[in-house]
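Quick notes on the structure that follows.
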Amino acid sequence: MATSLKESSTVTVKKLHPVIAAEVSGVDLSRELNPATVDTIKQAWHDHTVLVFHDQDLSGEDQLRFAANFGPIAERHQPKAGSKGDSKGSPEWVNLMPISDKTDGEGNAIGALGHGEMWFHSDKCYHEKPHRASFLYGIEVPSEGGHTKFASLCGAYDNLPDDLRDRLEGHRILQGYDYDNTTRLDPNVNLDNIFHFSQPLFVTNPGSGRKALYVSRLN
Numbered sequence: 005m006a007t008s009l010k011e012s013s014t015v016t017v018k019k020l021h022p023v024i025a026a027e028v029s030g031v032d033l034s035r036e037l038n039p040a041t042v043d044t045i046k047q048a049w050h051d052h053t054v055l056v057f058h059d060q061d062l063s064g065e066d067q068l069r070f071a072a073n074f075g076p077i078a079e080r081h082q083p084k085a086g087s088k089g090d091s092k093g094s095p096e097w098v099n100l101m102p103i104s105d106k107t108d109g110e111g112n113a114i115g116a117l118g119h120g121e122m123w124f125h126s127d128k129c130y131h132e133k134p135h136r137a138s139f140l141y142g143i144e145v146p147s148e149g150g151h152t153k154f155a156s157l158c159g160a161y162d163n164l165p166d167d168l169r170d171r172l173e174g175h176r177i178l179q180g181y182d183y184d185n186t187t188r189l190d191p192n193v194n195l196d197n198i199f200h201f202s203q204p205l206f207v208t209n210p211g212s213g214r215k216a217l218y219v220s221r222l223n
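In the numbering used here, the protein residues as written are 5 to 223.
Set out below in structure tokens:
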């Protein structure tokens, strides 16, 4: 018990931006965390939306164990038969997806996406039950460029003019994704070939009670 209390007391949360993101230190995510530490991290997540953990050395098992503190682990979906894209996964896990621009000895991509930019999006917003959270673990990152950027949908909602917010209340938006594309979805796409779902335009974060504008440039 003394170790458990000490671990929870060493966790610190440093705000990185007025609207979004905080850095969490004093915790080793490769270990099983005690409930107090998990509660501290969850509260920071509700408050700041994006959390950054530096200097972590994690296996696939470590990543899945930590993610399980936030809810059931989602399995990844392969594209529908009519889609031209692919969703490459780890040979060990159906829950992990390597993102890489590297190829094997035969020139085949070893991960998804590769070079290029993927527009702003919310993971799995095109399914009836979208992901509650996403976890990114950097193994090799470029010395410059290649930035992963985040935007606050709660901040977007807060900045809507009152009259526009009133007009949009209760509306829904069709979200979809073509695995063969990293830019905005073609409005003429055959919806039978892709995953899609009509989501509320405004959603409420159950952890913070804040409303968010649930739209994305990609979907």
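Every residue gets a Cβ at the ideal spot worked out from N, C-alpha and C, and that includes glycine.
All values derive from a computational prediction rather than experimental measurement.
The alpha-carbon of Ala160 is positioned some 30 angstroms away from that of Pro102. CA-to-CA, the gap between Ser126 and Arg176 works out to about 16 angstroms. Excluding sequence positions up to five before and after Thr152, its CB lies within less than 7 angstroms of the CB of Leu140, all in the same chain and listed in chain order.
A Cβ-Cβ separation of about 5 angstroms places Glu79 in contact with Val98 under the 8 angstroms criterion.
A straight line joining the alpha-carbon of Asn197 with that of Pro39 spans about 43 angstroms. Buried is the label assigned to Leu222, since at least 16 other Cβ atoms lie within 10 Å of its Cβ. Cβ-Cβ distances below 6 angstroms link Val17 to Ala26, Val28 and Ala48 in the same chain, with the five nearest sequence neighbours on each side left out; the list follows chain order. In the DSSP assignment, Thr41 falls within the unbroken alpha helix (DSSP H) covering Pro39 to His52.
Counting along the chain, Leu172 sits inside the alpha helix (DSSP H) bounded by residues Asp166 to Leu172. By a beta-carbon distance limit of 8 angstroms, Leu37 does not contact Gln67. Their separation comes to about 13 angstroms. Close CB contacts of Lys128 within its chain, under the 6 angstroms cut and outside five residues either way in sequence, are with Pro134 and His135 (chain order). The C-alpha of Glu148 is placed about 21 angstroms away from the C-alpha of Thr107.
Annotation: the continuous beta strand (DSSP E) that includes Ala26 extends over Ala26 to Ser29.
In this structure, DSSP gives Leu222 a state outside helix and strand, which the three-state scheme calls coil. Around the CB of Asp167, fewer than 16 other CB atoms lie within 10 Å, so the residue is classed as exposed. For Leu157, the uninterrupted alpha helix (DSSP H) segment begins and ends at Leu157 to Asp162. About 5 angstroms separates the beta carbons of Gly30 and Val15, which is inside the 8 angstroms limit, making them a contact pair.
Distance from the CA of Ala155 to the CA of Phe124, rounded to the nearest whole angstrom, comes to 8 angstroms.
In the three-state reduction of the DSSP assignment, Leu62 falls in the coil class, being assigned neither a helical nor a strand state. Per DSSP, reduced to three states, the secondary structure at Leu205 is coil, with no helix or strand assignment.
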